[in-house]
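A short write-up of the structure that comes next.
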Amino acid sequence: MPQNLASISRSSKLEIRGFSSKTNIFRDHIRCSPGWFNLSQVHSRLLTAAASRVYSMATPDAAPSIVVYVTVPNKETGTKLAHSIIENKLAACVNQIPGVESTYWWEGKVETDTEILLMIKTRQALLGELTDHVNNNHPYDTPEVIALPITGGSEKYLKWIGDNTKRAELA
1 MPQNLASISR SSKLEIRGFS SKTNIFRDHI RCSPGWFNLS QVHSRLLTAA ASRVYSMATP
61 DAAPSIVVYV TVPNKETGTK LAHSIIENKL AACVNQIPGV ESTYWWEGKV ETDTEILLMI
121 KTRQALLGEL TDHVNNNHPY DTPEVIALPI TGGSEKYLKW IGDNTKRAEL A
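As numbered in the UniProt record's numbering, residues 1 to 171 make up the sequence shown, in order.
Here it is, written out as C-alpha cells:
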C-alpha cells in the first residue's frame with residue numbers, strides 16, 4: 001500500500017498526507033487515538049476545501065499572480081517605467097532594487113553593468129500586455145522581462161494584487 005494516507009497530530013487533528021500502511025482502516029473509518037474518524041466526513045471536508053480553492057482561483061481577485069523581473073539602466077528610467085506600469089494598472093506594485101550587477105553576452109562579447117532590478121507583482125493574465133508595455137517604453141533593444149509564478153503567500157496580499165490591477169477585456 002502507498003505511504004502516508006492519514007496521520008493524526010498530537011492535538012488530534014486529522015492531516016491527510018496520502019496512504020499509510022501503518023493506519024488501521026476498517027471499512028469506512030480510520031482508527032486513531034483517541035477514536036474513530038468517518039472517511040465520508042474526511043472526504044466531505046477535503047472536497048469542501050478543494051471546491052473553495054477552485055472557486056477562489058476562478059475569481060478575478062484571486063487569479064494566478066506572478067512576479068516579473070525587468071532590469072533598467074538607472075533610477076530615472078526605473079521610476080518612469082514603474083509609474084507608467086502602475087498608472088496603467090498593469091501591476092499592483094513595482095519594487096526598485098538598486099545595485100544589481102549584471103554580466104551578460106552582448107554583440108559577441110561579455111559585458112558587465114550595474115542596473116536596477118524592477119520586481120513587478122501582477123496577474124498572469126496581464127503578462128502579455130505588461131511585456132508589450134515594457135518593450136515599448138524601455139531604452140534597451142532587448143529588455144529583460146522574466147515572469148515567475150507566485151505559488152503561495154498571504155491570501156490578503158494576493159487578493160490585493162487582483163484588486164489593484166486592470167481586468168481583462170471580455171471578448
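Think of the CB as a built atom: it goes at the ideal place given N, C-alpha and C, for glycine as much as any other residue.
Query                                                                                                             : Result
Three-pair Cβ contact test at 8 Å for the segment 125-139 versus the segment 93-113                               : no
Straight-line Cα distance separating V110 from E155                                                               : 42 Å
Inter-residue Cα distance where the pair is L117 and V68                                                          : 10 Å
Buried or exposed (CB count within 10 angstroms, at least 16 for buried), R167                                    : exposed
Where A147 falls: helix, strand or coil (DSSP)                                                                    : strand
Whole-Å CB distance - E101 paired with T122, under 8 Å assumed                                                    : So it is not a contact: roughly 26 Å between Cβ atoms.
Which listed residue (T165, V70, W105) has its alpha carbon closest to that of P143                               : V70
Spatial neighbours of P73 in its chain, beta-carbon cut-off 8 Å, leaving aside the 5 residues before and after    : D113, E115, I116, P139, Y140
DSSP beta-bridge partners of I116                                                                                 : V72
C-beta atoms of S65 and P149 nearer than 9 Å                                                                      : yes
Neighbour-count burial assignment, T151, 16 or more Cβ in a 10 Å radius                                           : exposed
Environment of G99 [buried if 16+ CB atoms lie within 10 Å]                                                       : exposed
K89 vs N137 beta-carbon contact at 9 Å                                                                            : no
DSSP-derived helix/strand/coil call for I85                                                                       : helix
Nearest neighbour of A125, chosen from T103, K159, T165, K75 [CA to CA]                                           : T165
Nonlocal neighbours in the same chain, by C-beta distance under 8 Å from L127, ignoring five residues either side : I66, V68, A147
Local Cβ density within 10 Å of D163, reported as buried at 16 or more and exposed below that                     : exposed
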